[in-house]
Each structure stands twice: as structure tokens, then as C-alpha cells.
Amino acid sequence: MTFLQPFILWGLPLLLLPVIIHLINRMRHRPQPWAAMMFLIAASKASTSHAKLRQFLVLLFRTLAVAALIFFLARPLGGGWLGWAVNRAPDVIMLVLDRSASMETKLPGQTITRREQALAMFAEAAEKFADTSHLVLLDSANREPQQIGIASALLEPSLTGPTDTAADLPSLLQTARQWLVENQSGASEIWIASDLQASNWQEDDSRWGGVVAQFEEMLQPVGFRLLTFNTESEPNRVVSLARMGREPEKPDELQFGIDLSTTHPAFEKFPLKLNVGETEVPAEITMSAQRLRWQKNVRLEEAKGTVWGHAQLPADANDRDNAIYFVESEARESKAVIISDQPNEMNFVRYACMTAQTIEPAAVIAPSSFEEHSLAGVALLVWHAALPEDPTRLESFVADGGALVFFPPGRTNGTSFRGNQWLNVRESEKESFHKTGTWNEMDGPWARSKEGLSLPVNFLDIRRRQGLESSDTVLATFADGDPLLTRGRHGKGSFYFCATSPERDWSLLSEGGVLVPMLQRLMQTGAERIGQETMVACGELSPADRTKSWTPMDTTDYRDARIHAGVYRSGDRLIAVNRPDTEDEAEAIDAERAAALFGELPLQVAEQEGAEDQSLQGEIWRMFLMGMLAFLIVESWLVLPPEPERSTKSFRDYQSQGAGG
Numbered sequence: 008m009t010f011l012q013p014f015i016l017w018g019l020p021l022l023l024l025p026v027i028i029h030l031i032n033r034m035r036h037r038p039q040p041w042a043a044m045m046f047l048i049a050a051s052k053a054s055t056s057h058a059k060l061r062q063f064l065v066l067l068f069r070t071l072a073v074a075a076l077i078f079f080l081a082r083p084l085g086g087g088w089l090g091w092a093v094n095r096a097p098d099v100i101m102l103v104l105d106r107s108a109s110m111e112t113k114l115p116g117q118t119i120t121r122r123e124q125a126l127a128m129f130a131e132a133a134e135k136f137a138d139t140s141h142l143v144l145l146d147s148a149n150r151e152p153q154q155i156g157i158a159s160a161l162l163e164p165s166l167t168g169p170t171d172t173a174a175d176l177p178s179l180l181q182t183a184r185q186w187l188v189e190n191q192s193g194a195s196e197i198w199i200a201s202d203l204q205a206s207n208w209q210e211d212d213s214r215w216g217g218v219v220a221q222f223e224e225m226l227q228p229v230g231f232r233l234l235t236f237n238t239e240s241e242p243n244r245v246v247s248l249a250r251m252g253r254e255p256e257k258p259d260e261l262q263f264g265i266d267l268s269t270t271h272p273a274f275e276k277f278p279l280k281l282n283v284g285e286t287e288v289p290a291e292i293t294m295s296a297q298r299l300r301w302q303k304n305v306r307l308e309e310a311k312g313t314v315w316g317h318a319q320l321p322a323d324a325n326d327r328d329n330a331i332y333f334v335e336s337e338a339r340e341s342k343a344v345i346i347s348d349q350p351n352e353m354n355f356v357r358y359a360c361m362t363a364q365t366i367e368p369a370a371v372i373a374p375s376s377f378e379e380h381s382l383a384g385v386a387l388l389v390w391h392a393a394l395p396e397d398p399t400r401l402e403s404f405v406a407d408g409g410a411l412v413f414f415p416p417g418r419t420n421g422t423s424f425r426g427n428q429w430l431n432v433r434e435s436e437k438e439s440f441h442k443t444g445t446w447n448e449m450d451g452p453w454a455r456s457k458e459g460l461s462l463p464v465n466f467l468d469i470r471r472r473q474g475l476e477s478s479d480t481v482l483a484t485f486a487d488g489d490p491l492l493t494r495g496r497h498g499k500g501s502f503y504f505c506a507t508s509p510e511r512d513w514s515l516l517s518e519g520g521v522l523v524p525m526l527q528r529l530m531q532t533g534a535e536r537i538g539q540e541t542m543v544a545c546g547e548l549s550p551a552d553r554t555k556s557w558t559p560m561d562t563t564d565y566r567d568a569r570i571h572a573g574v575y576r577s578g579d580r581l582i583a584v585n586r587p588d589t590e591d592e593a594e595a596i597d598a599e600r601a602a603a604l605f606g607e608l609p610l611q612v613a614e615q616e617g618a619e620d621q622s623l624q625g626e627i628w629r630m631f632l633m634g635m636l637a638f639l640i641v642e643s644w645l646v647l648p649p650e651p652e653r654s655t656k657s658f659r660d661y662q663s664q665g666a667g668g
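Structure (C-alpha cells):
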């Protein structure tokens, strides 16, 4: 329990008072062995054990009554979330609130969202500590601690309203600790509300170990309380933009690839509304699987200029993932760069990377020249050499939205790139090939064409392959199950590892049926790096853009470009802000895995399953008051003297007994 008046607990030694009085009373009535009383003592031996038991019970209930009185005056708080540890009210209560888009999922059977439920419970709980503790709010959208004067301020939409951002729990806890240290806080508690989305908690992140160690080193104790909302929700659909662009030969046509997914796969039909400028393109989607890619070409009124719009799904369990926004400018020239120590083997790859805007084939540079080579206008990097010792520039390129593909160098050097490492080379047996297994035809560079045609991956005739150690997403496998093509994500971009090379003595990749579509798709994907000023992830505006005034284009309602999705204008510039891709990932960790991240730090967890119980804790002094009264009533009954025995004989019976004697 936590007590709002903990100083009254210093009165607990008063529990000894009934014991002392009892002992003094026993001293006063000590029996004396004189002859006149020996008969009475012998007569009362039969009832001595009952008398001792009664005296013990009287002493017990008097002591319990005093204890209940002390706890009653200390104003205890109790509840499942606070637990039954005896604590005093902390000096600081910091509320760490997950305001990510996934927290806008409605509770099962309710209209209230996880965020709203958490705020209601936080506000009620924090109100009890208004006179004893400092309240501080740290939310995942603003990422700056701010003190709040009254607990009801937590319910203000301007302070804790919905957002389309993602959350970073390790970073939030680092910020919380830094604030507590800088403000020299005393004993503190950190209350966390989250839906335990795996992408937000990042349980494999190395920062967790440092965060726990830093909290353990603090001079003042810090306790943690975690309120989770990871119960299964009602059916929810998610829409995301897989690709969008104009082909040079059709500048008046905008091509869309829109991914749809659902948490509860079933045969269903639902509308999808696509707005492109002033044009509305309604569509009815038929979906029977968990995922679907919907492709649509929209004719534009003008071939030149910038186009903006959005796609919208009907309302469901989470309205924040029902819309995507886009801004499309005219096709821009993008190029590829090939890094190889065998340039003669990359001639076909050079031409496969050409687009309608490029005049010359892709440049080939040596790995030693990569650090100095300009990457301006580069959408795709093809790495055909040993993995670099220092991958910083490659990682930065991918994080900015570029595409990167690795082909095997035919040797190993012991280095790795974001957990991926080349292993030994394997040759096929004479007059046979390494057979391909399965590949993802819905997503990735080897997906079906927009006409629904499959790429001839199963006709690659792979003579040589290099083993790959990877924990990234496997997009294609060999017949024996080993990875053939993998994809990893970093920042805004993706990187790929292909376990065979387009060299003639490796495979038939250079025939073009697979390699050309693959590289052209990666060029389109990486082109977002060049045009990234028009497509921004929510919460990731640059410092310069954060200072600008942005006006929403598709609504008259208030929106903040820093935390809300939409299309915005500042001067002549248009940007589309969308929730981060990670917010569409439904995977969540359970409460037990979350608790393990805190190591030995004191942590209490409560899993919220509905909106029926909106109370984290409450004052329970009434329970102790009623208990004290009950103890006193029982004690009073025990000290009542026994009722004297009444004779049933009449007066005539006594007369007859006397006459007979």
C-alpha cells in the first residue's frame, strides 16, 4: 500500500500499549497462596484454559483495533496496480505515455481507445497524490518532460491527444532518468502506459542494458509501474502505400500499389476511396486473405506538375491506420552506382540499372573509391565486393531511403553488415544446378508484375552460390531451405542480400528475366531518397521543417505536421506526412517479456483488458475503519462476564428437602 499520510505510521509502536496494559493488569492480580483461597483456586482449575484463551483473544483484538486505527489515519491507497508493498507517497511521479498510432486501437466492445483509457486511469490515480507528489508527463510524441499542476490536465486533447507517430521506449526511459537526475528528485515512481508493440519496445536494442544500469546507480530509489494494453482487439484493417509513380512514357498516368492487411482474415468486401487531386476514384475491395496488394492506374488531367491526395478505408478498430497520404512530383532522374572489384563482370548490371531518364549506364567504382564518390541523385547501390570494414556510409544511405543490394564476392573476410555475413561458396554437381525453392510473389523485388505475371525465378540455373548468415526477412529460398534473397530495413530504406551473382559462371541472372525487373524496382524504391522531401514519416520532420508553418490541405480541422498525418503546404512546398511503417506491424511482446527488460529494477505490472475498471487504486481507509469497529465489538463481547446459572427448583422443592432432612 501507499499512504498519503505516511508520518502517522510512526505511531505503530503504540501496538505495544494493549500488551503493556495487559501485563500490568496481570501483575496486579497475581494469586497469593493463602489457605482461605486454596479452595477457590482448586474449584476454578477446570475453567483456567478457557480463561487464558479468552484473555489472549481480548489482547489480540485490542491490538488489531489499534493497528486499524493507525492505518485508517494514514489514509492508505490500495489496488491491484499499486500492489501491497508498503511505500510512502513518492516525491515525483513521472507518467510515461505511449502516444503512438497503435494506441488509438479501441478496447474490445468499447468506443474508448487504449490511450484514452490509460489517461483516465492515470488522471484518477495521480489526483490522490496532488498534495504530496510532483506530477511530470513524458509522452512519446513530444519527448520532453513537462510538469503538470493538476491531474485533470492529462485529459486535455492539446496535451495528450491522438498522434500518428511511433514510440521509442528505451529513448523515453533515458530521457526520464536524465530529467530525474538534473532536477535532483527524491524517491520517484515512473508510471508507463503502453500497448507493448514490439517495434516500439525494441527488446533486442542494446540500449536496454545501459538504461537499467543507469537507474540502478541512482542514489534515490525509482520504482516502475507498467500498465499494458496488449489484449486482442476487434477486426482491424490497415492501408499502406507500397509504390507510386509515373512512368516516363506515360507522364499523365499515376500508378499506385496499395497494400491492404487485416488482423482477422475472412472473405469480405469493403470500399476504398482514393482521392487524386480533385478526382475521386471509388473502388470496392474483395479480400479473403490476410494481405492484398491493390494496383490502380489513375489518369491525370495534366502530365506535368505536382499531384497530392489520399486513400481512405472505412472506420474500424483503429482509425489512425485507415488512411495514407501522398504527394507526387514529376519523374526525376535517378541513377545507380555499382561498387565492385571485378568491373568487367558487372557490364550487364550497368545496363540493367538504366531508366528512361538516364543517358549512360550505371557507373562502376572500386570499393576503395566509395567513401569519396558523390551519392547525389543516387537511388540504388549495387555492392559486389567483400563487405566493408566500416559500413557507416552505407547505413546512412539506406537510412535516408536508398536501396542497397549485395551480390556475393565469392570469398569471406569475417565482416558483417547489420547482422548479415557471407559464408562459404558452394558449387553444384556436374550437369546439375542449385534449385530454387519458394519466393515471395506478393512483396519484394521478385513479386509478380502489375499484370499478374510471375518472374522466372525457378529457371535461374544456379551453378554457384554463397552461404548467407542472416536474421532478416527471407524473400526467396533454395530448394534445401537456405536463403536466396533476404531483405532488411534500416531507417527509411531497405537492403537486400542475394546469395548468387549475375556473373555467367554463377547463374543465369544476367539473362535479364529476373535481374532487370529486380533492379528497376529497386531503383523505384530508392528514388524515395531523392524525392524524400515530399514524403515524410510522422514525427521525423527535420529540425528546419519543424520551425516552419504548415497548413493542412485536405481538412479545415486543426492538425500539426509534427505529429499528425496529412498533406501540408508551406509556401510553394507540399509534403505528405504518414505514420511510420513500423506502426503497421501488429506484433507485440507480452507483459512477461516486457518485465524482463527491467532486470532487477522494482516493477509492478497490470494488464488492462477492458474499460469496466478505470481505477488504478483508491483510498481504502473505510476498510480499516470498519475493521477497527469490528475488532472493538468482538473485544467487547469477549470481556462480558458469563451469565450466572439460574436454578430451576421452586420454593416448595426447597421446603420439602428441608422437611425430609
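The C-terminal position of the sequence shown is numbered 668 in our numbering, with every residue numbered one higher than the one before it.
Glycine included, C-beta positions come from ideal geometry on N, C-alpha and C.
Give the straight-line distance between the Cα atoms of L382 and E111, rounded to the nearest whole angstrom.
39 Å
Could you say which of L387, G417 and R425 lies nearest to E402 if we only look at CA atoms?
R425
Does the region 633-648 touch the region 253-270, meaning 3 or more C-beta pairs lie closer than 8 Å?
no
Completely contained beta strand (DSSP E) runs for the region 326-404, where each covers 3 or more residues
330-335, 342-347, 370-372 and 385-391
G634 to A75 span [Cα, whole Å]:
7 Å
Coil, strand or helix - A148 by DSSP
coil
Going by the DSSP bridge assignment, what does K113 pair with across the sheet?
T120
Under the DSSP definition of a beta bridge, which residues are partnered with T269?
R244
Whose CA, out of R300, G519 and A572, lies closest to the CA of E458?
R300
Given a cut-off of 8 Å, decide if F355 and P6 are closer than it, judged by their beta-carbon atoms.
As shown, the chain starts at 8 and ends at 668. That puts residue 6 outside it, with no answer to give.
What first and last residue would you give for the alpha helix (DSSP H) that runs through A223?
Inspection of the sequence shows that residue 223 is occupied by Glu rather than by Ala. Unbroken alpha helix (DSSP H) run through E223: R214 to E223.
Roughly how many angstroms lie between the CA atoms of G488 and L179, to the nearest whole one?
40 Å
Buried or exposed: L647, going by 16 or more other Cβ atoms within 10 Å of its Cβ?
exposed
By a C-beta neighbour count over all protein chains shown, 10 Å radius and 16 as the cutoff for buried, is W208 buried or exposed?
buried
Per DSSP, what kind of secondary structure is R69 in: helix, strand or coil?
helix
Member of P289, V288, N325 and V283 whose CA lies at the smallest distance from the CA of F333
V283
Kindly identify the DSSP beta-bridge partner or partners of I31.
Paired residue(s): none; I31 is not in a bridge.
Where the alpha helix (DSSP H) containing V464 begins and where it ends
From DSSP, V464 is part of no alpha helix (DSSP H); its letter is neither H nor E.
Would A200 and L104 be called neighbours here (beta carbons separated by less than 8 Å)?
yes
Between which two residues does the beta strand (DSSP E) holding E275 run?
E275 to V283
In this structure, does DSSP put W315 in helix, strand or coil?
strand
How many angstroms separate the CA atom of S341 from the CA atom of M361?
9 Å
Output needed for L21: all residues of its chain with C-beta closer than 8 Å, excluding positions within five of it in sequence on either side, in chain order.
V73 and I77
Thinking C-alpha only, which one of S423, K303 and S514 is nearest R470?
S514
The beta strand (DSSP E) enclosing W208, as first and last residue numbers
Segment A205 to W208 is the alpha helix (DSSP H) holding W208; no beta strand (DSSP E) there.
Under a three-way DSSP split, which group does R494 fall into?
strand
Buried versus exposed call for I331 [16 or more other C-beta atoms within 10 Å across all chains shown]:
buried
Taking the alpha-carbon of T70 as reference, which of R244, R61, V26 and A290 has the nearest alpha-carbon?
V26
By a C-beta neighbour count over all protein chains shown, 10 Å radius and 16 as the cutoff for buried, is P587 buried or exposed?
buried
Name the two residues that bound the continuous alpha helix (DSSP H) containing W186.
L176 to E189
On the CB-based measure, 16 or more other CB atoms within 10 Å of its CB, does R121 come out buried or exposed?
buried
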